[in-house]
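Note that the protein sequences, when read in sequence, are chains A and B. Mapping of the first sequence onto this note's numbering: residues 1 to 169, in sequence order. Mapping of the second sequence onto this note's numbering: residues 1001 to 1151, in sequence order. Think of the CB as a built atom: it goes at the ideal place given N, C-alpha and C, for glycine as much as any other residue. Contents: one structure, followed by commentary.
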Amino acid sequence: MADGAEWSRGYARQASADFAMYQMLEDASTGEVCHRLQFLQMACEKLVKATLCRADEGAAGAVQSSHAYVKRHLPTILRAEVALVNLPRAKAREVQQRGKHLAEEIDVLAPAVKRGGQRPDNCEYPWEDGNGTLHVPRDWSFIPAQLVVLPAGRTILRLIRSAIDRLVV
Amino acid sequence: MPTTCGYCNRLVPPHRAGFPCPQCGRTEPVMTAEDRAVLAEERTRAANDLARRHYETETGLTRIIRLNGGAEAEVTALEPIKLLEVNENTFASGVQPLHFGPAPASGVMFPSVIVEVTPDEFDRIRSHDLRLPRGWTLGDEIPRPAGVGGG
């Protein structure tokens, strides 16, 4: 039976592959934005699960069925990563603040996370808004796509990459 | 002077110095009581440094408290430094530890575990309504350093 460390490395390795795909699509500006962000969402979710499994043997079973971990834990992971780089304090705080916002928005990219029906927008399936209008992910303007191009957003992406890499080793 | 395995921290006969530990088989150098005191001091310094960096980044942190894994565990190099971080800017989700590996290039020599909770969850931990994993107990508080304001 696999232990927590093995689960952690497994999640981290898959997160690494997901993140590499996200970056490849971004760099080539190819594919729909919803698809690029889906890989970012999957990478972040697996990064969080890898970090949880490494700390707690019992987490491997609990994390398999749930999506809503990114909002709760990605900011803490970013804080730990910020602590490793010498960012000026103001910049570190900006990264933390933006990171929280980005984590909230990445979380709702998963179709299972709807925030009590308030956020049906997601990367995979069409949804109907309160006015009866149908929306399709490939046509939608996603907030994370705007957040990641800000200077702090680019720093956050580097920190996510770094956090994944440290778990893969 | 008692000597212990640098990995599992069990007592090792002095004549076994330099050989694999008879208990766990690891070849980390055996440690004297003096070595253990130095290691404990290094871990305290590292915990304080980590806490300072976290206070600097997250304005919602109201308290950071070290978690103890027991006297034996706390003087091994591989035992993570465990910080309970009380954050008024987060939401309740129970006790969910996050593990981070060491990063020697950044001066972080020990692995660490962060348990982030809300002030309400912290009260529940103190009243034993909410349990910490693996028998961890609340240790010393690391106060916010002067000059590192919140908000």
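Quick check on this structure: which residue in the options has the alpha carbon closest to the alpha carbon of residue i?
i	options	result
residue 1109/B	93/A, 50/A, 83/A, 129/A	83/A
residue 1089/B	99/A, 62/A, 4/A	99/A
residue 954/B	1076/B, 1146/B, 1119/B	This structure leaves residue 954/B out entirely; chain B is present only between 1001 and 1151.
residue 151/A	8/A, 4/A, 96/A	96/A
residue 1134/B	1145/B, 1118/B, 1070/B, 1143/B	1070/B
residue 65/A	113/A, 119/A, 148/A	113/A
residue 1096/B	53/A, 85/A, 90/A, 101/A	53/A
residue 93/A	1048/B, 1060/B, 1020/B, 1047/B	1060/B
residue 111/A	163/A, 42/A, 147/A, 24/A	42/A
residue 58/A	22/A, 7/A, 79/A, 104/A	7/A
residue 138/A	89/A, 24/A, 38/A	38/A
residue 1062/B	1068/B, 1116/B, 1103/B, 1007/B	1116/B
residue 1101/B	1025/B, 1052/B, 1078/B	1078/B
residue 80/A	1049/B, 1122/B, 1126/B	1049/B
residue 166/A	3/A, 12/A, 5/A	12/A
residue 1114/B	51/A, 16/A, 10/A, 9/A	51/A
residue 1042/B	1111/B, 1084/B, 1126/B	1111/B
residue 1083/B	1037/B, 1104/B, 1066/B	1066/B
residue 104/A	56/A, 45/A, 63/A, 28/A	45/A
residue 1085/B	1107/B, 1144/B, 1072/B	1144/B
residue 1139/B	1064/B, 1035/B, 1045/B	1064/B
residue 1068/B	1056/B, 1055/B, 1091/B, 1040/B	1040/B
Per DSSP, what are the beta-bridge partners of residue i in this structure?
i	result
residue 1066/B	1083/B
residue 1100/B	1112/B
residue 1137/B	1068/B
residue 1117/B	1086/B
residue 135/A	127/A
residue 1142/B	1064/B
In whole angstroms, what separates the C-alpha of residue i from that of residue j?
i	j	result
residue 14/A	residue 125/A	23 angstroms
residue 1098/B	residue 87/A	22 angstroms
residue 145/A	residue 69/A	20 angstroms
residue 202/A	residue 1131/B	A question about residue 202/A goes unanswered here, because the residues of chain A that appear run from 1 up to 169.
residue 1/A	residue 61/A	12 angstroms
residue 31/A	residue 160/A	22 angstroms
residue 118/A	residue 106/A	15 angstroms
residue 1136/B	residue 121/A	41 angstroms
residue 48/A	residue 1124/B	25 angstroms
residue 77/A	residue 163/A	8 angstroms
residue 34/A	residue 18/A	14 angstroms
residue 102/A	residue 1148/B	25 angstroms
residue 71/A	residue 1118/B	15 angstroms
residue 75/A	residue 23/A	21 angstroms
residue 128/A	residue 140/A	12 angstroms
residue 21/A	residue 1128/B	45 angstroms
residue 1058/B	residue 1146/B	15 angstroms
residue 142/A	residue 136/A	11 angstroms
residue 1093/B	residue 1053/B	24 angstroms
residue 91/A	residue 147/A	15 angstroms
residue 1038/B	residue 27/A	48 angstroms
residue 1074/B	residue 1033/B	13 angstroms
residue 1106/B	residue 1047/B	14 angstroms
residue 85/A	residue 1045/B	18 angstroms
residue 168/A	residue 3/A	15 angstroms
residue 1035/B	residue 1008/B	14 angstroms
residue 5/A	residue 63/A	14 angstroms
residue 56/A	residue 1021/B	27 angstroms
residue 1164/B	residue 1080/B	In the structure displayed, chain B extends from 1001 to 1151; residue 1164/B sits before or after that span and is not available.
residue 1121/B	residue 29/A	44 angstroms
residue 1024/B	residue 1141/B	33 angstroms
What does residue i touch in chain B if you count any residue whose Cβ is under 8 angstroms from its own?
i	result
residue 51/A	1098, 1099, 1100
residue 33/A	Residues of chain B passing the Cβ test: none, with the nearest at roughly 28 angstroms.
residue 161/A	Per Cβ cutoff of 8 angstroms: no residues; residue 161/A is ~14 angstroms from chain B at best.
residue 166/A	1100, 1101, 1103
Can you name the residues of chain A whose CB is closer than 9 angstroms to the CB of residue i?
i	result
residue 1117/B	Within 9 angstroms Cβ-Cβ: nothing; residue 1117/B doesn't reach chain A, min ~11 angstroms.
residue 1221/B	The shown model of chain B, from 1001 to 1151, leaves out residue 1221/B, and the question about it has no answer.
List the residues of chain B that residue i touches, going by C-beta distances under 7 angstroms, in chain order.
i	result
residue 55/A	1097, 1098, 1099, 1113
residue 84/A	1103, 1106, 1108
Which residue comes first and which comes last in the alpha helix (DSSP H) that contains residue i?
i	result
residue 172/A	The question about residue 172/A has no answer here: the residues shown for chain A are numbered 1 through 169.
residue 93/A	89-107
residue 1128/B	Element bounds for residue 1128/B: n/a, residue is neither H nor E.
residue 42/A	33-55
residue 121/A	Element bounds for residue 121/A: n/a, residue is neither H nor E.
residue 1078/B	No alpha helix (DSSP H) contains residue 1078/B, which DSSP labels as neither H nor E.
residue 162/A	151-168
residue 70/A	70-82
residue 61/A	59-63
residue 112/A	Here residue 112/A belongs to no alpha helix (DSSP H), and DSSP marks it neither H nor E.
residue 145/A	143-147
Can you pull the chain A residues whose beta carbon is under 7 angstroms from the beta carbon of residue i, in chain order?
i	result
residue 1054/B	79, 83
residue 1050/B	83
Who are the neighbours of residue i on chain B, taking C-beta pairs under 9 angstroms?
i	result
residue 73/A	1093, 1096, 1098, 1116
To be precise: take each residue of the region 1123-1151 of chain B, compare its Cβ to all Cβ atoms of chain E, and keep it if any distance is under 7 angstroms. Which residues remain? In the displayed structure, chain E is absent; the protein chains listed are A and B.
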